[in-house]
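K.L.:
Once you know that position 36 of the sequence shown is 36 in my numbering, the rest is easy, because the numbers rise by one and skip nothing. Even glycine gets a Cβ: it sits at the ideal position worked out from N, Cα and C.
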Amino acid sequence: MMSHKEKRKEKKRIKAGGVADEGGSGLDLGFVAAEATKRKFKEHLQPSKNKRHKKDDEPKDQDAGAGPQRKAQALGAWNPKATLVKGAKTDASGSTSLLLFYQYIQPLWSEERKQAAVELVTKAGAELNLGGRVRIAREGFNATVSGTHESVRSFADALRGFDNHFKKTDFKYVDELKNDKAFKDLKIIPVAELVFYGVSSDKAMSLLDTVGGGQHLEAHQYHELMKQPDTVIVDVRNHYEAEIGRFVGQEKKGGAMYIDPKMRKSTDFTAWLSKPETKKELEGKKVLMYCTGGVRCERASVLVKAELGSTVKGVYQLQGGIEKYLQTFPDGGFWEGKNKVRWDFCVASLLYSTQLDVS
């Protein structure tokens with residue numbers, strides 16, 4: 001853990017434009033990522049009219065006919081290597097599209113099949129000029145990718161051709177974004193878990209087979225259930241995300257109580273869940289769970305069912321996450337955020353939490 005003095009020093013460094021250390025230097029990465037992401041949110045939601053981009057931040061042109069530059073770098077014990085495809089180009093006169101998705105695989109892929117997926121994404125990313133971040137595990141994919149309208153859809157088609165699981169994937173597209181929302185590089189990261197709860201894929205699959213996951217609810221169904229007083233809403237995002245926006249409007253109408261576990265990182269969830277006060281707070285309730293796009297709830301809902309069992313009246317999760325809810329309720333519904341930020345917040349959250357490895 002960083003001391004208060006170290007945190008103040010690190011906060012000043014981040015404010016000055018420093019980059020979070022993804023290696024094993026001993027930094028409190030939860031704190032670093034939180035501060036960096038909050039700065040990124042502010043830049044996205046309240047951009048300076050006179051802000052000028054440094055040339056170093058612009059994509060670098062590649063030599064004609066040259067392939068993408070790739071390098072492997074250490075990212076810690078649970079994702080030891082990443083393939084970096086540098087220099088995704090954007091058309092200054094055009095727009096950017098985002099592709100957001102996750103897909104769990106059952107039964108688990110072999111290590112060889114996982115490596116084949118890494119190679120597919122590396123090749124497709126270079127050919128289609130994609131940027132973003134793709135996490136690949138034996139249990140599946142978690143990705144946020146930017147490119148042209150056509151290229152992100154071609155990437156989804158390539159995945160459907162690679163494995164039948166992707167034929168049922170909920171691929172989410174956000175089109176007509178400004179090019180400054182595009183990722184300049186594509187990072188492909190082999191991981192042990194798509195969301196790092198500290199539970200092995202084999203154990204997660206065993207729990208899933210035993211207790212199952214939460215019941216998926218469409219946005220309008222979730223909205224109706226939030227109105228019920230015997231219900232609680234558990235925010236599965238990190239605390240700094242919850243500070244920017246959350247579901248609390250229903251409480252004013254006697255509906256579900258909102259709960260923020262105050263996580264700095266996903267591994268804090270299991271510790272919060274095991275506390276006696278948490279179990280007492282959730283006992284006898286219908287437990288609603290949500291996150292930005294849905295992926296964090298997939299495993300978190302299994303952990304809740306495994307830990308609490310029949311002491312709760314049911315476990316439910318928001319299909320498609322906040323992103324889908326805000327599309328269904330353009331006025332915000334029960335969502336409340338600072339400066340009445342809704343869709344812009346969602347895009348910023350998806351972009352920057354993905355960039356900083358904080359899910």
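Closer than 7 Å by C-beta to S151: which residues in its own chain qualify, once you throw out the five before and the five after it? Chain order, please.
P.N.:
Start at 1 with the first residue of the sequence shown, and residue 151 comes out as number 151. If we look at S151 and ignore the five residues flanking it on each side, its Cβ neighbours are L128, N129, L130.
K.L.:
Out of curiosity, what's the CA-to-CA distance linking K227 and G254?
P.N.:
Start at 1 with the first residue of the sequence shown, and residue 227 comes out as number 227. Start at 1 with the first residue of the sequence shown, and residue 254 comes out as number 254. Approximately 7 Å, taken between the alpha carbons.
K.L.:
Quick one, are the C-beta atoms of G214 and E336 less than 9 Å apart?
P.N.:
Position 214 of the sequence shown, counted from the start, is the residue given in the question as residue 214. Position 336 of the sequence shown, counted from the start, is the residue given in the question as residue 336. Against a cut-off of 9 Å, the Cβ pair of E336 and G214 comes out as no contact.
K.L.:
Which of the three DSSP states, helix, strand or coil, is assigned to S200?
P.N.:
As a first step, residue 200 must be located in the sequence shown, where it is residue number 200. Coil at S200, not helix or strand.
K.L.:
Give me the Cα-Cα distance between A117 and K89, rounded to the nearest whole angstrom.
P.N.:
The residue you call residue 117 lines up with position 117 of the sequence shown. The residue you call residue 89 lines up with position 89 of the sequence shown. Looking at the two C-alpha atoms, the distance is approximately 23 Å.
K.L.:
Taking just the CA atoms, how far does F162 sit from T376?
P.N.:
Nothing about residue 376 can be read from this structure; the chain reaches only from 1 to 359.
K.L.:
The alpha helix (DSSP H) with W335 in it runs from where to where?
P.N.:
Walking along the sequence shown from the start, residue 335 turns up at place 335. Note, W335: premise wrong, no alpha helix (DSSP H); beta strand (DSSP E) at 335-337.
K.L.:
Just confirm the distance between the C-beta atoms of W109 and R138, as a whole number of angstroms; I'd bet it's less than 8 Å.
P.N.:
Counted from its first residue, the sequence shown places residue 109 at position 109. Counted from its first residue, the sequence shown places residue 138 at position 138. Yes, W109 and R138 are in contact; Cβ-Cβ is about 5 Å, under 8 Å.
K.L.:
Once DSSP output is grouped into helix, strand and coil, what is the label at N142?
P.N.:
The count along the sequence shown starts at 1 and reaches residue 142 at position 142. In this structure, N142 counts as strand in the three-state DSSP scheme.
K.L.:
T96 to T144, Cα distance in whole Å?
P.N.:
Mapped onto the sequence shown, residue 96 falls at position 96. Mapped onto the sequence shown, residue 144 falls at position 144. If you take the alpha carbons of T96 and T144, they lie about 13 Å apart.
K.L.:
Would you say V302 and A204 are within 9 Å of each other, going by their C-beta atoms?
P.N.:
In the sequence shown, counting from the first residue as 1, residue 302 sits at position 302. In the sequence shown, counting from the first residue as 1, residue 204 sits at position 204. A contact, by the Cβ cut-off of 9 Å.
K.L.:
Can you tell me whether E253 is helix, strand or coil according to DSSP?
P.N.:
Residue mapping note: residue 253 aligns to position 253 of the sequence shown, counting from 1. Per the sequence presented here, residue 253 reads as Lys, with Glu not at that position. Three-state DSSP puts K253 in a helix.
K.L.:
From the DSSP output, which residues share a beta bridge with L186?
P.N.:
Numbered from its first residue, the sequence shown carries residue 186 at position 186. Partner(s): V85, G132.
K.L.:
Throw me the rounded Cβ distance for the D268 and P261 pair, which I believe falls under 8 Å.
P.N.:
Mapped onto the sequence shown, residue 268 falls at position 268. Mapped onto the sequence shown, residue 261 falls at position 261. That belief holds up - the Cβ atoms of D268 and P261 are roughly 7 Å apart, short of 8 Å.
K.L.:
I need the straight-line Cα distance from F334 to E112, nearest angstrom please.
P.N.:
In the sequence shown, residue 334 corresponds to position 334, counting from 1. In the sequence shown, residue 112 corresponds to position 112, counting from 1. About 45 Å.
K.L.:
Just the C-alpha distance for A242 and V234, rounded to the nearest angstrom, thanks.
P.N.:
Mapped onto the sequence shown, residue 242 falls at position 242. Mapped onto the sequence shown, residue 234 falls at position 234. Each residue's alpha carbon lies about 11 Å from the other.
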